[in-house]
Amino acid sequence: MTTATASATTTPGPLSDPDRVLIFDTTLRDGEQSPGATMSHAEKLEIAQMLDEMGVDIIEAGFPIASEGDFAAVTEIAKQAQNAVICGLARAQIPDIDRCWEAVKHARRPRIHTFIGTSPLHRAIPNLDMDQMADRIHQTVTHARNLCDNVQWSAMDATRTEHDYLCRVVEIAIKAGASTINIPDTVGYTAPRESAALIRMLIERVPGADKVVFSTHCHNDLGMATANSLAAVEAGARQIECTINGLGERAGNAALEEVVMALKVRHDIMPWTTGIDTKKIIGISRRVSQVSGFPVQFNKAIVGKNAFLHESGIHQDGVLKNVETFEIMRPADIGLNEANIAMGKHSGRAALRAKLADLGYEVGDNQLKDIFVRFKELADRKKEIYDDDLVALMQDSAANTDSDYLQVKKLRVVCGGGEPAMATLTMVVGDAERTETAQGDGPVDATFNAVDAMFEHHATLQLYQVHAVTEGTDAQATVSVRMEEDGRIATGQASDVDTILASAKAYVGALNRLKVRRERTAPDADTRAISMYTV
Ligand code: KIV
Ligand code: ZN
1 MTTATASATT TPGPLSDPDR VLIFDTTLRD GEQSPGATMS HAEKLEIAQM
51 LDEMGVDIIE AGFPIASEGD FAAVTEIAKQ AQNAVICGLA RAQIPDIDRC
101 WEAVKHARRP RIHTFIGTSP LHRAIPNLDM DQMADRIHQT VTHARNLCDN
151 VQWSAMDATR TEHDYLCRVV EIAIKAGAST INIPDTVGYT APRESAALIR
201 MLIERVPGAD KVVFSTHCHN DLGMATANSL AAVEAGARQI ECTINGLGER
251 AGNAALEEVV MALKVRHDIM PWTTGIDTKK IIGISRRVSQ VSGFPVQFNK
301 AIVGKNAFLH ESGIHQDGVL KNVETFEIMR PADIGLNEAN IAMGKHSGRA
351 ALRAKLADLG YEVGDNQLKD IFVRFKELAD RKKEIYDDDL VALMQDSAAN
401 TDSDYLQVKK LRVVCGGGEP AMATLTMVVG DAERTETAQG DGPVDATFNA
451 VDAMFEHHAT LQLYQVHAVT EGTDAQATVS VRMEEDGRIA TGQASDVDTI
501 LASAKAYVGA LNRLKVRRER TAPDADTRAI SMYTV
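What follows is the structure, given as structure tokens:
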């Protein structure tokens with residue numbers, strides 16, 4: 001990216017500070033739409049509160065028409081938000097927009113976000129010609145604007161839409177009263193130069209462009225979402241749509257932590273600011289990973305476990321002499337404490353609370369009591385407890401709060417020597433305690449078979465993943481499991497020094513969540529079951 005130049009196209013829109021970039025977080029809508037990332041109602045409220053506290057300008061809280069669950073979550077988030085604008089998504093249909101307004105109207109600062117796919121491929125599906133679609137945009141944005149002062153309109157698949165047509169429909173949306181115009185790269189197809197040129201073209205050609213905020217919404221299919229978002233800002237966009245950890249459909253959306261830290265660290269060449277308290281990044285990254293069941297890849301920019309590790313001798317030597325040799329930002333900038341001081345079985349409750357706060361977890365007295373018991377149990381089995389062990393402990397305890405219908409009590413596994421593995425599992429199923437022995441192809445398979453013998457279901461296992469939390473053979477293992485049943489997806493995550501026990505707990509955690517979802521929603525009420533088209 002080249003040095004920003006002051007031109008007509010870099011002084012956009014109606015914001016009082018032309019150098020301020022609005023951060024629009026869609027973790028709870030586009031992020032949650034990603035298969036398997038479904039969050040519970042309580043988890044959505046918690047994430048929304050964290051987003052509000054970290055200074056996100058606009059929170060897209062959900063897609064209210066998609067399900068009763070989405071509607072309830074957007075409504076509650078609208079009621080609880082203190083600072084952020086609360087936005088809901090609606091297709092270009094009057095009932096969608098009405099439903100969206102019913103949910104967001106409780107917010108101090110509500111926004112309706114309505115969209116339609118404008119590219120030839122997307123126009124073909126609802127079978128609308130260019131004029132019919134233009135009329136629909138005029139009608140739906142006008143309707144939204146009659147309900148709400150703050151309306152955002154998106155041209156889905158804008159980066160594959162004919163330029164003349166895009167200019168035409170953007171002008172219609174502006175005239176109908178939209179104050180934010182979002183230009184999504186829905187399939188992650190664009191590249192930085194093109195992303196910038198598109199925004200510049202719209203700002204130059206569309207009458208009324210100087211009265212609205214242009215927004216960029218980039219998916220990461222070619223790994224360019226962050227670069228494309230920043231290029232759009234350079235060309236005059238002043239809203240970036242993004243998600244925590246880059247969660248989202250397929251390869252995800254632009255990651256909030258990446259765009260925000262890029263603007264902070266390279267302020268010299270990208271002189272725009274956000275309102276984000278970057279010290280809150282690591283806490284929310286961990287919590288989103290935990291509730292979505294999507295682990296953060298180790299080498300993920302900014303929030304990956306290795307993002308601030310210097311393994312090779314030459315790098316370590318350099319960092320010890322002068323930290324700037326290999327570090328362009330400090331761990332503390334994203335809220336990571338620098339000293340990975342080990343805790344042990346003699347550490348007390350106050351030390352544990354302080355350490356957890358350092359790691360981004362503020363715990364109440366009751367939760368601390370619970371965590372302390374589990375910390376002591378772990379300390380009895382493992383000499384030194386590192387930060388990553390505590391993060392795993394926190395993720396484990398919170399990952400299983402949805403339901404405790406099934407609880408693992410005791411597990412004994414016999415395997416090896418060429419014989420089939422045998423697992424004897426004692427588990428609480430509802431009110432009763434039961435024990436079953438099952439065999440399988442290896443200890444994990446035998447354990448899962450023992451669970452299945454006690455709890456009938458027809459869910460299928462989509463993912464089974466094991467990570468060592470720290471180094472050493474006494475390391476805890478974090479196991480992630482993803483299950484699917486009738487189109488509903490649920491994840492479970494658990495950690496233990498006993499990998500097979502962690503596997504059993506993760507499996508049971510996912511089954512508990514599926515059970516809750518089965519009871520709460522009809523299958524077709526799920527967000528992913530709703531068509532994005534307005535036929
Ligand atoms: O990617 C996309 O186009 C979207 C729209 C609904 C804004 O998520
Ligand atoms: Zn999207």
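Mapping to full-length UniProt numbering: the sequence shown position 211 is 211, numbers consecutive.
All C-beta atoms in this analysis are idealised placements derived from N, C-alpha and C, irrespective of residue type, glycine included.
{"query": "DSSP three-state call for residue 244: helix, strand or coil?", "result": "helix"}
{"query": "Distance, Cα to Cα, residue 3 vs residue 44?", "result": "Summary for residue 3: the model assigns pLDDT 38, below 50, so the residue's position carries little reliability, and this model does not support an answer."}
{"query": "Measuring straight from C-alpha to C-alpha, what distance separates residue 393 and residue 172?", "result": "53 Å"}
{"query": "Apart from the five residues on each side of it in sequence, which residues of its chain come closer than 8 Å, Cβ to Cβ, to residue 137?", "result": "92, 116, 153, 169, 172, 173 and 176"}
{"query": "Do the stretch 175–191 and the stretch 208–227 make contact, defined as three or more Cβ pairs closer than 8 Å?", "result": "yes"}
{"query": "Please identify the residue among 465, 96 and 243 whose C-alpha is closest to the C-alpha of residue 23.", "result": "243"}
{"query": "One question on the structure: do residue 215 and residue 238 come within less than 9 Å of each other, judged by their Cβ atoms?", "result": "yes"}
{"query": "How about residue 55 and residue 280: do their beta carbons lie closer than 9 Å?", "result": "yes"}
{"query": "List, from N- to C-terminal side, the alpha helix (DSSP H) runs of 4 residues or more that fit wholly inside the UniProt region \"Regulatory domain\" (407–535).", "result": "443–454 and 499–520"}
{"query": "Relative to the alpha-carbon of residue 483, which residue among 377, 348 and 292 has its alpha-carbon at the smallest distance?", "result": "292"}
{"query": "Within the stretch 45–92, note down every full alpha helix (DSSP H) run reaching 4 residues or more, in order along the chain.", "result": "68–80"}
{"query": "Among the residues of its own chain, which have a CB less than 7 Å from the CB of residue 274, if the five just before and after it don't count?", "result": "21, 23, 260 and 263"}
{"query": "Would you be able to state if there are at least three C-beta pairs under 8 Å between the stretch 436–443 and the stretch 411–421?", "result": "yes"}
{"query": "Kindly indicate which residue of 37, 36, 35 and 62 has the alpha-carbon position closest to the one of residue 48.", "result": "62"}
{"query": "Buried or exposed for residue 505, please, with buried defined as at least 16 other CB atoms from any protein chain shown within 10 angstroms of its CB.", "result": "buried"}
{"query": "To the nearest angstrom, how far is it from the Cα of residue 500 to the Cα of residue 447?", "result": "8 Å"}
{"query": "What's the call for residue 298, buried or exposed, on a 16-neighbour Cβ count within 10 Å?", "result": "exposed"}
{"query": "Between which residues of its own chain and residue 308 is the CB-CB distance below 6 Å, once the five residues before and five after are set aside?", "result": "331"}
{"query": "Per DSSP, residue 218 forms a beta bridge with which residues?", "result": "185"}
{"query": "Could you pull out every unbroken beta strand (DSSP E) segment of at least 3 residues lying fully inside the stretch 115–163, listed in chain order?", "result": "151–156"}
{"query": "Just to check, is the beta-carbon of residue 449 closer than 8 Å to a non-hydrogen atom of the ligand KIV?", "result": "no"}
{"query": "For the putative contact between residue 235 and residue 199, defined by C-beta atoms under 8 Å, what is the C-beta separation to the nearest angstrom?", "result": "4 Å"}
{"query": "Roughly how many angstroms lie between the CA atoms of residue 258 and residue 430, to the nearest whole one?", "result": "44 Å"}
{"query": "DSSP state of residue 22, grouped into three classes?", "result": "strand"}
{"query": "Checking 9 Å against the spacing of the C-beta atoms, do residue 84 and residue 59 come in under that value?", "result": "yes"}
{"query": "Count the other C-beta atoms from every protein chain shown that fall within 10 angstroms of the C-beta of residue 166, then say buried if there are 16 or more, exposed otherwise.", "result": "buried"}
{"query": "Would you say the beta carbon of residue 30 is closer than 8 Å to some non-hydrogen atom of the ligand ZN?", "result": "yes"}
{"query": "Measure the Cβ-Cβ separation of residue 78 and residue 119 and say whether it is below 9 Å.", "result": "no"}
{"query": "Can you look up residue 290 in the DSSP assignment and give me helix, strand or coil?", "result": "helix"}
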